[in-house]
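J.: In UniProt numbering, the protein residues as written are 623 to 835. Ideal Cβ placement from N, Cα and C applies to all residues, glycine included.
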Amino acid sequence: LSLEERLASYVVEGTKEGLIPDLEEALKKYPPLQVINGPLMKGMEEVGRLFNNNELIVAEVLQSAEVMKASVAYLEPFMEKNESAVKGKILLATVKGDVHDIGKNLVEIILSNNGYQIVNLGIKVPPEQLIQAFREEKPDAIGLSGLLVKSAQQMVVTAQDLKTAGIDVPILVGGAALTRKFTKTRILPEYDGLVLYAKDAMDGLDIANKLSD
Ligand code: B1M
623 LSLEERLASY VVEGTKEGLI PDLEEALKKY PPLQVINGPL MKGMEEVGRL
673 FNNNELIVAE VLQSAEVMKA SVAYLEPFME KNESAVKGKI LLATVKGDVH
723 DIGKNLVEII LSNNGYQIVN LGIKVPPEQL IQAFREEKPD AIGLSGLLVK
773 SAQQMVVTAQ DLKTAGIDVP ILVGGAALTR KFTKTRILPE YDGLVLYAKD
823 AMDGLDIANK LSD
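1. Which residue from L684, D720, L713 and I731 puts its Cα closest to that of P699?
2. Using the DSSP secondary-structure output, state which residues sit across from Q754 in a beta bridge.
3. For the stretch 640 to 678, which segments carrying the alpha helix (DSSP H) assignment without a break, of at least 4 residues, lie completely within its bounds, in sequence order?
4. Below 6 Å, is the gap between the Cβ of G826 and the nearest heavy atom of ligand 1?
5. Report all residues from its chain with a CB closer than 8 Å to the CB of Y652; omit the five preceding and five following residues, and keep chain order.
6. Please work out which residues of its chain come closer than 7 Å, Cβ to Cβ, to E759, disregarding the five sequence neighbours upstream and downstream, and give them in chain order.
7. Within its chain, find whatever has a CB closer than 7 Å to the CB of K703; leave out the 5 residues flanking it on each side and keep chain order.
8. Is L629 close to ligand 1? I mean its beta-carbon at under 6 Å from any heavy atom of the ligand.
9. May I ask whether a heavy atom of ligand 1 can be found less than 6 Å away from the beta carbon of K726?
10. Buried or exposed for T780, please, with buried defined as at least 16 other CB atoms from any protein chain shown within 10 angstroms of its CB.
11. Can you tell me which residues form a DSSP beta bridge with Q739?
12. Between the C-alpha atoms of F673 and A707, what's the straight-line distance to the nearest angstrom?
13. On the three-state DSSP scale, how would you describe A774?
14. Any heavy atom of ligand 1 closer than 6 Å to the CB of S834?
15. Y632 by DSSP, collapsed to three states: which one?
16. Out of curiosity, what's the CA-to-CA distance linking A648 and V694?
17. Does ligand 1 have even one heavy atom less than 6 Å from the beta-carbon of N674?
18. Suppose you measure from the CA of Q685 to the CA of L662; what does that come to, to the nearest Å?
19. Cutting at 8 Å between CB atoms, please list the residues of its own chain near V657, excluding the five before and the five after it.
20. For G765, which residues does DSSP report across the bridge?
21. Is the Cβ of I793 closer than 7 Å to any Cβ of chain B?
22. Measure the alpha-carbon distance for residue 582 versus I745 and round it to whole angstroms.
23. Kindly examine ligand 1 and report whether one of its heavy atoms sits closer than 6 Å to the Cβ of A798.
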């Protein structure tokens, strides 16, 4: 197998044996984010496909998630850091009912490496918790992640609850079940402020930078 195929296969197989030396090798060829977005994501897509076909069980997908997390943790110190002044404070959460957090945590890494102060509220965050954290932290924006189809709907509810609480800072949304169209036609009308869709973590950074300019 080529290096790229091996990297994808660690994720698919859910094994860490040989992972770190191959990540070291990959860093000689690619910047760290490209290692994640390329071979490792390719592995994760395959996991999603196999899971969908009932060829993997949840316990196996969890092992794949562990490999992805270990890889991101290894690569993180090698990522480019922009030590500029704090550009803004962002509350980050995976919405109520959803445990997926690899994408959200990647967003945290990218944004915090680029001048944003991130308050990561974790997973399964109900609107009430978000509202309370908003009052305590006074962030400039709120970032919501969700991967399940029902999470897209949960974002609509969350936007409604934030609006009712009088909150109107920009909301950044992302995650596999979401689209730009859904964001525009379903979430935005329920909110008083901007609602912006990010297709991945770098897109999220671009949007945050536009907002802070
Ligand atoms: Co789950 N899962 N899962 N899962 N899982 C999916 C999402 C699924 C598509 C798999 C499938 O069936 N093909 C499917 C959803 C189906 C649907 O609703 N349409 C699914 C399911 C069904 C489930 C369970 C219901 C399974 C079960 O229990 N029967 C269950 C749900 C539990 C719950 O949430 N209540 C479940 C559980 C799990 C595990 C715990 C085993 C594990 C998660 C571990 C963890 O996160 N700690 C898991 C995993 C790993 C996946 C897949 C395979 C991979 C997700 C991932 O981490 N991708 C996934 C299939 C897939 O997506 N291909 C799947 C890598 C990550 C970097 O990408 O999170 O998409 P992603 O983030 C991207 C962008 O989306 C974006 O940026 C990132 C890239 O830069 N982004 C943002 C994300 N959030 C953003 C926020 C932003 C901006 C950008 O701004 C705020």
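T.: A quick look at the data gives this:
1. I731
2. DSSP output for Q754 lists no bridge partner at all.
3. 641 to 651, 654 to 657 and 663 to 674
4. yes
5. G660
6. Within the same chain, E759 has close Cβ partners K711, L713 and V741.
7. Closer than 7 Å at Cβ, skipping near neighbours: N735.
8. no
9. yes
10. The residue is buried, with at least 16 neighbouring Cβ atoms inside 10 Å.
11. BP columns for Q739 point to K711.
12. 43 Å
13. helix
14. Not one heavy atom of ligand 1 falls within 6 Å of the beta-carbon of S834.
15. helix
16. 13 Å
17. yes
18. 14 Å
19. L629, L645, A648, L649, S693 and L697
20. Bridge partners of G765: L714 and L794.
21. The chain inventory of the structure shown lacks chain B, comprising one protein chain alone.
22. The chain is shown from 623 up to 835; residue 582 falls before or after that span and cannot be answered.
23. yes
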